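Engineer:
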């Protein structure tokens, strides 16, 4: 198992470097690299690399983190579908990113790929994978949604034509703000607790998803980053970012896993936007681009 997890670690650190180096070229800014470690003796131990770019001309905040940690007991957020592993010692590693663009016409994006291995008492190690990517636009551009979903489908089709529709539905159901009856964005793909192809096959599917991220997102950035905008669009962007914060703090299993297991708060919360606002019972004029976003665009639909 140690040799297998090293393969996953090598892939994940390489993926992080590929993504951040490419995004730095797009933005023109520089990622700050923070190597951190949680020493043995704490509830959770391990290390990671947080890379973050702030205040750039394209990305107001772009965070991409790698972590590799272990602990004596799986937290509840990781065992709700695997009760037989409750309390088992575990090892987890992954790359997670959230990019918050400056221009309101460029959507926020999230991507995560991860592996968890646990060893139940008296049993053999159990390993599974999870992850995906999803898009959160502030203004509706159908061609962007179609491109993003088509790229996700292309990445998954070699592993079975059922995978994209299955993981697309899972994403729609997961990235949903129950307390507001709203989708967070236009979705993408999401999977968890995945080990159907054994280690090698499941890891290959994870790599295909991770490798597709730049192709899914950067063409959208290139189309929208130089569009002119004003105070109205910026105000709406900050308001809709509030929904992003609400989801991550209230519903996101990854955030809960990190905090419940004693993870590094600064790295766990790198997904938060630098500026955000809330408005009490905001109502946008009927027929406006802002009203159309939630009424006609952020809905569950087939994009490809």
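In this note's numbering, the protein residues as written are 81 to 384.
Even glycine gets a Cβ: it sits at the ideal position worked out from N, Cα and C.
What you are looking at is a predicted structure, and each value in this text was computed from that prediction instead of being measured.
#1: Looking at C-alpha atoms only, which residue of 361, 273, 291 is the closest neighbour of residue 172?
#2: For a quick check, are the C-beta atoms of residue 224 and residue 187 less than 8 Å apart?
#3: Between 115, 326, 218, which has its C-alpha nearest residue 372's C-alpha?
#4: Would you check if the distance between the CB atom of residue 257 and the CB atom of residue 206 is smaller than 8 Å?
#5: Comparing C-alpha positions only, which one of 147, 196, 253 sits nearest to residue 262?
#6: Distance, Cα to Cα, residue 131 vs residue 245?
#7: Report the CB separation of residue 251 from residue 267 in whole angstroms; it is logged as a contact under 8 Å.
#8: Hey, would you say residue 210 sits closer than 8 Å to residue 255, going by beta carbons?
#9: For residue 365, I'd like the list of residues in its chain whose CB is within less than 8 Å of its CB, leaving aside the five on either flank, ordered along the chain.
#10: Ordered along the chain, which non-local residues of its own chain (more than five positions away) have a Cβ less than 7 Å from that of residue 89?
#11: Check this for me: beta carbons of residue 190 and residue 299, under 8 Å apart or not?
#12: Under 8 Å, do residue 220 and residue 85 count as touching if we go by C-beta distance?
#13: Is the beta carbon of residue 309 less than 8 Å from the beta carbon of residue 192?
#14: When the Cα atoms are used, what is the spatial distance from residue 369 to residue 381?
#15: Measure the C-alpha to C-alpha separation of residue 100 and residue 199 and round it to an integer number of angstroms.
#16: Leaving out five residues before and five after residue 338 in sequence, what residues of the same chain have Cβ atoms less than 7 Å from its Cβ?
#17: Using the Cα positions of residue 335 and residue 141, report the straight-line distance between them to the nearest angstrom.
#18: In the DSSP assignment, find the unbroken alpha helix (DSSP H) run with residue 145 in it and report its ends.
#19: Can you name, in chain order, every residue of its own chain whose Cβ lies under 7 Å from the Cβ of residue 91, other than the five neighbours on each side?
#20: Which one of 235, 314, 143 has the shortest CA to CA distance from residue 185?
#21: First and last residue of the alpha helix (DSSP H) that includes residue 385?
#22: Measure the beta-carbon distance from residue 417 to residue 143 and round it to whole angstroms, keeping in mind my assumption that it falls under 8 Å.
Structural biologist: Here's the rundown:
#1: Your numbering for residue 172 matches position 92 in the chain shown. Per the Cα distances, 273.
#2: Taking the first residue of the chain shown as position 1, residue 224 is located at position 144. Taking the first residue of the chain shown as position 1, residue 187 is located at position 107. Residue 224 is a Cβ neighbour of residue 187, given a cutoff of 8 Å.
#3: Within the chain shown, numbered from 1, the residue matching residue 372 stands at position 292. Of 115, 326, 218, the residue nearest in Cα terms is 218.
#4: For the purposes of this step, residue 257 is taken as residue 177 along the chain shown, with counting starting at 1. For the purposes of this step, residue 206 is taken as residue 126 along the chain shown, with counting starting at 1. One thing to note: residue 257 has its Cβ no nearer than 8 Å to the Cβ of residue 206.
#5: Along the chain shown, one-based indexing puts residue 262 at 182. The shortest C-alpha to C-alpha distance from residue 262 to any of 147, 196, 253 is the one to 253.
#6: Along the chain shown, read from residue 1 onward, the residue named residue 131 stands at position 51. Along the chain shown, read from residue 1 onward, the residue named residue 245 stands at position 165. Spanning the two alpha carbons is a distance of roughly 32 Å.
#7: Here residue 251 is taken as the residue at index 171 of the chain shown, counted from 1. Here residue 267 is taken as the residue at index 187 of the chain shown, counted from 1. In this structure, residue 251 and residue 267 form a Cβ contact; the two beta carbons are roughly 4 Å apart against a cut-off of 8 Å.
#8: Indexing the chain shown from 1 puts residue 210 at position 130. Indexing the chain shown from 1 puts residue 255 at position 175. Between residue 210 and residue 255, the C-beta spacing is not below 8 Å.
#9: On the chain shown, position 285 is the one that residue 365 refers to. Excluding sequence neighbours, residue 365 sits near 371.
#10: One-based indexing of the chain shown puts residue 89 at position 9. Result list for residue 89: 148, 173, in chain order.
#11: For the purposes of this step, residue 190 is identified with residue 110 of the chain shown, where counting begins at 1. For the purposes of this step, residue 299 is identified with residue 219 of the chain shown, where counting begins at 1. No, they are not a contact pair.
#12: Position 140 of the chain shown, counting from 1, holds the residue named residue 220. Position 5 of the chain shown, counting from 1, holds the residue named residue 85. Residue 220 places its beta carbon 8 Å or farther from that of residue 85.
#13: Here residue 309 corresponds to residue number 229 of the chain shown, with the count starting at 1. Here residue 192 corresponds to residue number 112 of the chain shown, with the count starting at 1. Result no, Cβ atoms of residue 309 and residue 192 do not sit closer than 8 Å.
#14: Numbered from its first residue, the chain shown carries residue 369 at position 289. Numbered from its first residue, the chain shown carries residue 381 at position 301. Put simply, the backbone Cα of residue 369 is about 19 Å away from that of residue 381.
#15: The residue labelled residue 100 in the question sits at position 20 within the chain shown. The residue labelled residue 199 in the question sits at position 119 within the chain shown. Looking at the two C-alpha atoms, the distance is approximately 33 Å.
#16: As a first step, residue 338 is located in the chain shown; it is residue number 258 there, counting from the start. Contacts found: 348.
#17: Reading the chain shown from its first residue, position 255 is the one you call residue 335. Reading the chain shown from its first residue, position 61 is the one you call residue 141. Between residue 335 and residue 141, the alpha-carbon positions lie close to 18 Å from each other.
#18: On the chain shown, residue 145 is found 65 positions in, with the first residue counted as 1. For residue 145, no alpha helix (DSSP H) encloses it; the enclosing beta strand (DSSP E) starts and ends at 139-151.
#19: Residue numbering aside, residue 91 sits at position 11 when the chain shown is read from its first letter. Setting aside the 5 residues that flank it on each side, residue 91 is surrounded in the same chain by 287, each with a C-beta closer than 7 Å to its C-beta; the list follows chain order.
#20: Mapped onto the chain shown, residue 185 falls at position 105. Ranking 235, 314, 143 by Cα distance to residue 185 puts 314 first.
#21: Shown here, the chain extends from 81 to 384; a query on residue 385 therefore has no answer.
#22: Residue 417 lies beyond the range of the chain shown here (81 to 384); nothing can be said about it.
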